[in-house]
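Numbering (my numbering), first residue to last: 18 to 394.
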Ligand code: FE2
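Structure follows, in structure tokens:
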């Protein structure tokens, strides 16, 4: 039987032992950070922000930070083999290593989560330069992915100690209206969703705000299950997917095979004007999943009145879903590397706090067409 539960937000009354102020940055380990930074700038409209490398005293790796509104990506590449970063790339290809969360007390965040069973990744340490101090700590989550806790209230520099301001006066890409991380989805293995739900509940104090079983998320061929975990103030949301039995291979299984384990499947980026954002992203070569144009034939009867022009949505392939609080518009990119692994979602919320359940079938059928073309369905 299909069961979908929605728990209302902010019903928790006890003190939040892990107060999170949002996503600080997302760090990707990539084969060539210089080119990846250029891609996120030219295709997605990020601005150059900061650089760390041998010239700044970091001998074994380089990192480029790029920013658009409240969204910061860090692209990191090792300079030599035989280290954690090089091994990560060898095993997973380009992927998300760290979901860094902004906190007011990184030492306390580490202590509270370790006390509840988290495995330490980095013990709290202070990093200083002439612009102040950042305190960093970190814990492991699914696969080789980690959460960093970043305390930067006493820091006034461009990004972090060890980084210098970086930019090219001849290259100032126009932004595409991407604002912040809306949610970040992890793919985990068979029967691993509930253990990770418990991890987020017990270790990080998150709540399960939404659940989708395999009947909610299934097509003719394949299925997956998903539970959405949210922190107390709702600033940080981590849906967790696991594959489910279907006639053919689940998209989550294909991910697990090519990523060589569990990891971040997609990062959802919020915009205040999805039509303009997607128009701009398409123009710059970002590729999106294509749903059949018949999706739009009965769209208004499904979702009711919307402010956007339906022809623009159809032209751009933007999907719409409504819940009892409002509606949302969304679209998935194709994977942004050659392995069929990490992709992005572009999302605009107009009251809705859900995740587009009404679009799952159309989107997952679109993913399956891609999977089939790769010979992996
Ligand atoms: Fe999503």
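Cβ coordinates follow ideal geometry from the N, Cα and C atoms, glycine included.
For residue i: DSSP bridge partner residues
i, result
"residue 356", "DSSP lists no partner for residue 356."
"residue 142", "153"
"residue 172", "149"
"residue 328", "For residue 328, which the question treats as bridged, DSSP gives no partner whatsoever."
"residue 46", "93 and 112"
"residue 245", "227 and 256"
"residue 64", "84"
"residue 365", "346"
"residue 310", "DSSP output for residue 310 lists no bridge partner at all."
"residue 235", "240"
"residue 339", "344"
"residue 75", "Paired residue(s): none; residue 75 is not in a bridge."
"residue 165", "117 and 155"
"residue 371", "Answer by DSSP bridge pairing: none, since residue 371 is not bridged."
"residue 182", "67"
"residue 137", "156"
Continuous beta strand (DSSP E) stretch holding residue i: start and end
i, result
"residue 78", "78–85"
"residue 115", "112–119"
"residue 256", "254–261"
"residue 226", "224–229"
"residue 380", "That residue, residue 380, is in no beta strand (DSSP E); its alpha helix (DSSP H) goes 377–390."
"residue 210", "Segment 210–219 is the alpha helix (DSSP H) holding residue 210; no beta strand (DSSP E) there."
"residue 288", "280–288"
"residue 35", "Where residue 35 is concerned, there is no enclosing beta strand (DSSP E), given that its DSSP letter is neither H nor E."
Beta-carbon gap between residue i and residue j smaller than 9 Å
i, j, result
"residue 338", "residue 373", "yes"
"residue 361", "residue 234", "no"
"residue 92", "residue 77", "no"
"residue 216", "residue 134", "yes"
"residue 168", "residue 123", "yes"
"residue 310", "residue 331", "yes"
"residue 269", "residue 241", "yes"
"residue 325", "residue 291", "yes"
"residue 50", "residue 79", "yes"
"residue 345", "residue 327", "no"
"residue 173", "residue 118", "no"
"residue 105", "residue 161", "yes"
"residue 224", "residue 247", "yes"
"residue 75", "residue 179", "yes"
"residue 11", "residue 64", "Residue 11 is absent from the structure shown; the chain starts at 18 and stops at 394."
"residue 276", "residue 204", "yes"
"residue 4", "residue 45", "Residue 4 falls outside the range modelled here, since the chain spans only 18 to 394, and no answer is possible."
"residue 52", "residue 195", "no"
"residue 392", "residue 366", "no"
"residue 281", "residue 113", "yes"
"residue 354", "residue 236", "no"
"residue 222", "residue 251", "no"
Supposed close pair residue i, residue j - CB separation, criterion 8 Å
i, j, result
"residue 206", "residue 271", "Their Cβ separation, rounded to whole angstroms, is 13 Å, which puts residue 206 and residue 271 out of contact at 8 Å."
"residue 48", "residue 111", "6 Å"
"residue 266", "residue 239", "6 Å"
"residue 54", "residue 197", "About 19 Å separates the two Cβ atoms, so there is no contact after all."
"residue 336", "residue 299", "Contact doesn't hold; Cβ gap of about 15 Å is too wide."
"residue 120", "residue 37", "6 Å"
"residue 257", "residue 210", "5 Å"
"residue 59", "residue 301", "6 Å"
"residue 283", "residue 202", "5 Å"
"residue 156", "residue 193", "Rounded, the Cβ-Cβ distance is 32 Å, inconsistent with contact."
"residue 350", "residue 303", "6 Å"
"residue 320", "residue 379", "About 13 Å; that fails the 8 Å criterion."
"residue 144", "residue 127", "The Cβ separation is near 15 Å, so there is no contact."
"residue 176", "residue 88", "That pair is no contact at about 13 Å."
"residue 183", "residue 57", "The pair is not a contact, with the Cβ atoms about 13 Å apart (cut-off 8 Å)."
"residue 347", "residue 363", "7 Å"
Host alpha helix (DSSP H) of residue i (start-end)
i, result
"residue 105", "101–109"
"residue 304", "From DSSP, residue 304 is part of no alpha helix (DSSP H); its letter is neither H nor E."
"residue 275", "268–276"
"residue 123", "123–132"
"residue 195", "It is not in any alpha helix (DSSP H) - residue 195 instead sits in the beta strand (DSSP E) that spans 195–204."
"residue 292", "291–300"
"residue 318", "316–320"
Beta carbon proximity, residue i to chain C, threshold 9 Å
i, result
"residue 51", "The structure shown contains no chain C; it holds only a single protein chain."
Original post:
What residues come near ligand 1, if near means a beta carbon less than 6 Å from any of its heavy atoms?
Top reply: 200, 202, 283, 285, 362 and 372
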